[in-house]
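Worksheet for the structure shown next.
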Amino acid sequence: MQRIADIMTRDVTSVAPEETIRRAAELMDDLNIGALPVCNGEELVGMITDRDITVRATAQGMAPDETAIEDVMTSNVTWCYDDQEVDEVMGQMADSQLRRIPVIDHNTRKLIGIVSLGDVATKHSAGVDRTLEDVSSPSRPNTLH
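Position one of the sequence shown corresponds to residue 1 (the UniProt record's numbering), numbered consecutively onward.
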């Protein structure tokens, strides 16, 4: 069976919780991505997405230069290990309706990559249609209220 380490994206850019949401948005724009892992040193402490910035911050009137990432990030992060089987992680992604998931080294417990539906679709075709359908199902709005 194929492992996550075989298909994940390595050398992932991360941000610190105390950085501003403007910095996160600028990085997302520069890198043409929609999510960044949030790390305190080498420890994964959250994820911030373009949607977090738009819905949790901008729509609430928070100032981009004054709002810390930790104020709007998702701190209860679903992640996987680099040595997990792709099919197992696809199940996690479908169950949690996630389009991307951080990858942790099983030995060091440090962030080493990220795997997205795009990675799965281009490097592992089995079951992608079902996972995409599950991930794309409507869910409740995600707000801080």
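In this text, a Cβ means the ideal position worked out from N, Cα and C, and glycines have one as well.
Can you round the beta-carbon distance between residue i and residue j to whole angstroms, since I take them to be within the 8 Å contact cut?
| i | j | result |
| --- | --- | --- |
| A17 | E70 | Before going further, note that residue 17 is Pro rather than Ala in the sequence given. 4 Å between Cβ atoms; contact. |
| R100 | S75 | That belief does not hold up - the Cβ atoms of R100 and S75 are roughly 16 Å apart, past 8 Å. |
| Q2 | E85 | 7 Å |
| L98 | T78 | 6 Å |
Taking just the CA atoms, how far does residue j sit from residue i?
| i | j | result |
| --- | --- | --- |
| D83 | N107 | 10 Å |
| I33 | L27 | 8 Å |
| T20 | P102 | 21 Å |
| T58 | A24 | 13 Å |
| V15 | M73 | 11 Å |
| residue 181 | S96 | A query on residue 181 cannot be resolved here, the shown segment of the chain reaching from 1 to 145 and no further. |
| M8 | T67 | 31 Å |
| R56 | A63 | 11 Å |
| R51 | M90 | 22 Å |
| A5 | C39 | 20 Å |
Is residue i near the ligand ADP - that is, is its Cβ less than 8 Å away from at least one heavy atom of it?
| i | result |
| --- | --- |
| I48 | As presented, the structure is devoid of all ligands, the ligand ADP included, so that no description of it is given. |
Using a 10 Å radius around the Cβ and a threshold of 16 neighbouring Cβ atoms, would you call residue i buried or exposed?
| i | result |
| --- | --- |
| G46 | buried |
| T49 | buried |
| A35 | buried |
| H145 | The pLDDT assigned to H145 is 46, lower than 50, so where the model puts this residue is not dependable, and the model offers no usable value. |
| D65 | exposed |
| L31 | exposed |
Closest by CA to residue i, which one among the options?
| i | options | result |
| --- | --- | --- |
| I112 | R100, Q92, Y81 | Y81 |
| R109 | D29, V55, D11, E43 | E43 |
| D11 | T122, A121, I114 | I114 |
| D29 | Q92, T13, M8, I104 | T13 |
| R22 | A5, C39, M93, I53 | I53 |
Identify whether residue i lies in helix, strand or coil by the three-state DSSP scheme.
| i | result |
| --- | --- |
| I33 | coil |
| S96 | helix |
| M28 | helix |
| T49 | strand |
| H145 | Here the model assigns H145 a pLDDT of 46, short of 50, so the residue's position is not dependable, and the following value carries that caveat. Correct three-state label for H145: coil. |
| E70 | helix |
| T20 | strand |
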